[in-house]
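Heads up, the numbering used here is the position in the sequence shown plus 41, with the first residue counted as 1. Here a beta-carbon is modelled for each residue, glycine too, at the ideal position from N, C-alpha and C. Computed from a predicted structure; not experimentally measured. Right, one structure below, let's go through it.
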Amino acid sequence: QQQGVTPFMLLLASFQTLLHRYSGQADIRVGVPTANRNRVETERLIGFFVNTQVLRAEFDVQLTFSELLQQVRQRTLGAQAHQDLPFEQLVEALQPERNLGHNPLFQVLYNHQTELKGSQHRLPGLEMSG
């Protein structure tokens, strides 16, 4: 709350930090599925409307976790503002080098699931409640 981030943003930043530490890469791009039901017309429809967004984190030696949280916050809000852009159109516009052996923009997918209100999770030194 002090950082103005949601639990999704905090956990995504933590996951990207883990990927950075284990891979040694400074440019971490993670795919994030979105429900894509932000219009009244699609709220009650049955069907698969999921779109994939790419959220990028850029690390350097001097980046603090607090700064990373702000980076993730800004990029998440920016991605949400453009969630109607289909992933296929993003790939077309960016025209990355293609290889049939892997996804053109990311290699890891992060899917955040929420639980019902009132659930609590505790770890030593950390408490999260919904």
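Beta-carbon proximity of residue i to residue j, cut-off 8 Å
| i | j | result |
| --- | --- | --- |
| N77 | V95 | no |
| L126 | G72 | no |
| V102 | M50 | no |
| T93 | Q124 | no |
| L110 | V46 | yes |
Residue closest to residue i, alpha-carbon to alpha-carbon, out of the options
| i | options | result |
| --- | --- | --- |
| E108 | T47, Q42, E168, A54 | A54 |
Residue i classed as buried or exposed, judged by whether at least 16 other C-beta atoms fall within 10 angstroms
| i | result |
| --- | --- |
| T105 | exposed |
| A98 | buried |
| I87 | exposed |
| T117 | buried |
| L60 | buried |
| Q57 | buried |
Neighbourhood of residue i by C-beta distance below 8 Å, restricted to the same chain and skipping five residues each side
| i | result |
| --- | --- |
| F147 | R70, V71, G72, V95 |
| E84 | R78 |
Own chain, CB closer than 7 Å to residue i, minus 5 neighbours either side, in chain order
| i | result |
| --- | --- |
| N152 | P74 |
Sheet register partners of residue i (DSSP bridge)
| i | result |
| --- | --- |
| R70 | R97 |
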